[in-house]
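Q:
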Amino acid sequence: MLIQIFHSDANQQGLDKIDLIGIKEDDENLIVRYDLVNSDPDNDEEKLAPFLIVQVPKSKKNIMFIANGTASGKRIDFYVD
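Following my numbering, the numbering of the sequence shown begins with -15 at its first residue and continues without gaps.
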């Protein structure tokens, strides 16, 4: 299964890259950890939308996303196909 991690930098913080930290699996969850990074200060004024596509085994487990050490609970922001 392919998962696309997408971030719209609407606040223009210069977040232009997504670094995948790792993917772990336990009995109930598939946990995707990543960091949003400002890798190029020259483009901080631009509205950017970095994305990352990762492949994980197809599973019926809950998918949890942890960005910059914080679990994201906004299910409306997740689109998993």
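Glycine included, each C-beta is placed from N, C-alpha and C at the ideal position.
Give me the DSSP bridge partner(s) of Ile5.
A: DSSP output for Ile5 lists no bridge partner at all.
Q: Measuring alpha carbon to alpha carbon, tell me which of Asp24, Asn(-5), Ala55 and Asn46 ends up nearest Asn13.
A: Comparing Cα-Cα distances from Asn13 to each of Asp24, Asn(-5), Ala55 and Asn46, the minimum goes to Asn46.
Q: Does the distance from the C-beta atom of Asp(-7) to that of Leu32 stay below 7 angstroms?
A: The answer is yes: Cβ separation under 7 angstroms.
Q: Taking the C-alpha atoms as reference points, what is the distance between His(-9) and Thr54?
A: Those two C-alpha atoms are separated by around 15 angstroms.
Q: Give me the residue from Lys8, Gln(-4) and Asn(-5) with the minimum Cα distance to Val40.
A: Comparing Cα positions, the closest option is Lys8.
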